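Visitor:
Residue numbers (my numbering): 1 to 405.
Right, dumping it as structure tokens:
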């Protein structure tokens, strides 16, 4: 444990509940917002619905570009202040969106939301936990993803109800108020981390660190792995029913399968918090990268009847990969400089995540069910890249992937 925290009296459970709640609000009011509001916004502003989703893609790129800078700031000063500022930026973006009457203001709103996403989504939260708990942050990272995994489950119905009862502009205003009235105070309740000196090692000796060349190689490998995972996750999530129908499923079967993704994600995260938590994150990440290909094989072998099997495997893999974005870099590199590293590693994955829905959508249109094989190959390539990394090169954790602690 690092011991770098001023005000460490706040218990881990309180931190997890607070940060899990604020992450749920952040995701529900940004990334998941267009799924409900894209159509009414487009209709009101007289633009194509795809224009709204393109604005979201642009926001993801903005957030990715900010990632390394935000992570570096959290490394030095802790994430409490930045996360609180992100709530103000989110609110400003949502209020700007609520008064949009043309494409220019729509774009400006999503630029602000992109800045908020860069400062306030998972990467920033993971870095904040790394500054609070050091290399012991794995359980806390898993904990907040368990809570925030319900962002769409809670956010979509609330946004839909607000939009149907009061209009999409009012829905944006309400989300802005939730950021200022609830998320901001909760983030300000997080423990304050003492500034960390650049040369600090947070309890990890330099003799344990990989050489600069091998560390750079590991970062490149992780960047590729998470880019492949982001391509699969963002692409399939956006067009899952369409892809299953291309495989022969009926609309009802496709809808039923889609409802299983969320519970599968949560179930896998519970498994990661329990049994898989005894092992090095490399093991659970390798297993997660194989789940989508296994699901595709099951779908091909069993036909549309196996749509639920595919959805469960895909959701489970996606749930664990989300946790691995924080726990795997932490295990491989330690907590010193964690925020900047995660920001750099996540840069290409933001780009692939932004491009995936359009890319896989075009594939479904032209090659039908072959699009799922493309996603399976992307996952397999990520698994093979993971085989290039070894647990015995880490700065902390087990020397081998054998469950020893």
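Backbone N, C-alpha and C fix where the C-beta goes; we use that ideal spot for every residue, glycine too. Treat the numbers as computed from the prediction; the structure is a model and nothing was measured.
In angstroms, rounded to a whole number, what distance separates the CA positions of residue 18 and residue 102?
Guide: Their backbone Cα atoms lie some 36 Å apart in a straight line.
Visitor: Assuming residue 28 and residue 181 are in contact, meaning their beta carbons sit under 8 Å apart, how far apart are those beta carbons, in whole angstroms?
Guide: Cβ atoms of residue 28 and residue 181 stay farther apart than 8 Å, at about 15 Å.
Visitor: What is the DSSP secondary structure of residue 205, counted as helix, strand or coil?
Guide: With a pLDDT of 40 at residue 205, under the threshold of 50, the modelled position of that residue is not reliable, and the figure given next carries that caveat. Reduced to three states, the DSSP call for residue 205 is coil.
Visitor: Counting pairs of beta carbons, one from the region 289 to 302 and one from the region 317 to 326, are three or more of them closer than 8 Å?
Guide: yes
Visitor: State the start and end residues of the unbroken alpha helix (DSSP H) segment that holds residue 53.
Guide: Its alpha helix (DSSP H) spans residues 49 to 77.
Visitor: Return the residue from the list 11, 117, 66 and 131 that minimises the CA-CA distance to residue 74.
Guide: The candidate whose alpha carbon is nearest that of residue 74 is 131.
Visitor: Starting from residue 44 and walking both ways along the alpha helix (DSSP H), at which residues does that stretch end?
Guide: 34 to 45
Visitor: Measure the C-alpha to C-alpha separation of residue 21 and residue 282 and round it to an integer number of angstroms.
Guide: 28 Å
Visitor: Short of 8 Å in beta carbon distance, which residues of its chain neighbour residue 313, apart from the five on each side in sequence? Order them along the chain.
Guide: When the five nearest sequence neighbours on each side are left out, the beta carbons in the same chain lying within less than 8 Å of the beta carbon of residue 313 are those of 264, 291, 292, 294, 295 and 298, in order along the chain.
Visitor: Please state the DSSP three-state secondary structure of residue 111.
Guide: helix
Visitor: According to DSSP, simplified to helix, strand and coil, what is residue 250?
Guide: coil
Visitor: Going by DSSP in three states, residue 167 sits in which element: helix, strand or coil?
Guide: coil
Visitor: Compare the Cα-Cα distances from residue 271 to each of 116, 142 and 31 and report the closest residue.
Guide: 142
Visitor: Leaving out the 5 sequence neighbours to the left and right, which residues in its chain are closer than 7 Å to residue 327 when beta-carbon positions are compared?
Guide: 138, 141 and 281
Visitor: How long is the line joining the alpha carbons of residue 97 and residue 278, rounded to whole angstroms?
Guide: Between residue 97 and residue 278, the C-alpha separation is close to 45 Å.
Visitor: Using the Cα positions of residue 146 and residue 45, report the straight-line distance between them to the nearest angstrom.
Guide: 36 Å
Visitor: State yes or no: is the C-beta of residue 323 within less than 8 Å of the C-beta of residue 163?
Guide: no
Visitor: Taking the alpha carbon of residue 100 as the reference point, which residue from 374, 42 and 26 has its own alpha carbon closest?
Guide: Checking every option, the nearest Cα to that of residue 100 belongs to 42.
Visitor: Should residue 13 be labelled buried (16 or more other beta-carbon atoms within 10 Å of its own) or exposed?
Guide: exposed
Visitor: Which class does residue 377 belong to by DSSP, given the choice of helix, strand or coil?
Guide: Secondary structure at residue 377: helix, using DSSP grouped into helix, strand and coil.
Visitor: Under the assumption that residue 231 contacts residue 353 (Cβ atoms under 8 Å), give the Cβ distance between them as a whole number of angstroms.
Guide: 7 Å
Visitor: According to DSSP, is residue 316 part of a helix, a strand, or is it coil?
Guide: helix
Visitor: If we ignore side chains and look at the alpha-carbon of each, how far apart do residue 61 and residue 351 end up?
Guide: 6 Å
Visitor: Does residue 390 come out as helix, strand or coil in the three-state DSSP assignment?
Guide: Here residue 390 carries a coil assignment [DSSP, helix/strand/coil].
Visitor: With a cut-off of 8 Å on the beta carbons, I'd call residue 149 and residue 269 a contact; round off their distance for me.
Guide: 6 Å
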